[in-house]
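Chains A and B are the protein sequences, given in the same order.
Position 24 of the first sequence, counted from 1, bears residue number 24 in our numbering, the numbering being contiguous throughout.
Numbers in our numbering are just positions in the second sequence, counted from 1, shifted up by 1000.
Number of protein chains: 2
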Amino acid sequence: MDLKRSDLLQGTLDLLILKTIEHRPLHGYAMAQRILETSREVLTVQQGSLYPALHRLERKGLITAEWREAESKRMAKFYSLTASGRTQLAEEMDQWQRYARAIQWVLQAPEVAS
Amino acid sequence: MDLKRSDLLQGTLDLLILKTIEHRPLHGYAMAQRILETSREVLTVQQGSLYPALHRLERKGLITAEWREAESKRMAKFYSLTASGRTQLAEEMDQWQRYARAIQWVLQAPEVAS
DNA sequence: TACTGATATGTAGACACACAAGGTATGGAC
DNA sequence: GTCCATACCTTGTGTGTCTACATATCAGTA
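Next up, the structure:
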């Protein structure tokens, strides 16, 4: 009924996840918080998007999981980048820059002379 | 089989189309050419994406079609923005800027102190 | 004791949309 | 007469995000 648009552009979630665990392992819940925080409250990652994405990335061998105790004293699944995950991250960052620049060019294209 | 990734991020095609006909009506085929050109060969709009998108936008009342003779002397369907299409364009440009900025923030987030 | 809220993980089903692959037709060049 | 660029279109498929739901633990509090 409402015109609610999807929060994330399809294809960018993987990039966000990989980037967020670039420097240290995090569990899913913390990733979502971290992304919300670093995006200054703009990007909300839904749990129904996050967990399937994590499993997908794990199946692809880009991240690995390990159960550890979180700060909260509760067990949580910490994910970290694999070597190929790191390569993938670099590629996806590159592609994003390229893509965003291209869109920008279209949006700023000078009006054509009639 | 090949790792061919999708050329366009889902959700951005409408924006590209609306922007491309902002200042003058164009037919579908020409839009694709124009987007390819203004994006400096980065963004390729497939016909199988373009035409359904045009029909979608027309159904939503954001654009209107009119058969006219093209430069090529052949009949072609020229699309132009409606008033609500113009509003939508402004909104989508806004949202894109907001979104791209947010991604950028995540990608440039300073490493957390351990 | 029972409750509430934040933490933490997960699944099932719906839906949107870009894609590949196929098709039709016309006009100009050769 | 054949080929290519132009111009339109549809069908089916896959991917990925969303909503909604289910489960469990722990801390604080009434």
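Note that the Cβ used here is the ideal one computed from N, Cα and C, for glycine as well.
Check	Outcome
Alpha carbon of A/S84 to alpha carbon of A/L62, nearest angstrom	6 angstroms
Under 9 angstroms by beta carbon: chain B residues contacting A/R59	Ordered by position in chain B, no residue passes the 9 angstroms Cβ test against A/R59, which lies about 15 angstroms from the chain.
Start-to-end residues for the alpha helix (DSSP H) that takes in B/A1070	Run containing B/A1070: none; DSSP gives neither H nor E here.
CA-to-CA distance, B/E1022 to A/E111, given in whole angstroms	9 angstroms
Contacts that A/A102 makes with chain B (C-beta to C-beta distance below 8 angstroms)	S1039, R1040, V1042 and L1043
Selected residue, minimal CA-CA separation from A/D7, among A/V42, A/Q97 and A/E37	A/V42
Alpha-carbon spacing of A/E37 relative to B/L1089, whole angstroms	28 angstroms
Host alpha helix (DSSP H) of B/L1054 (start-end)	Q1047 to R1059
Whether B/E1066 touches B/F1078 by CB criterion (8 angstroms)	yes
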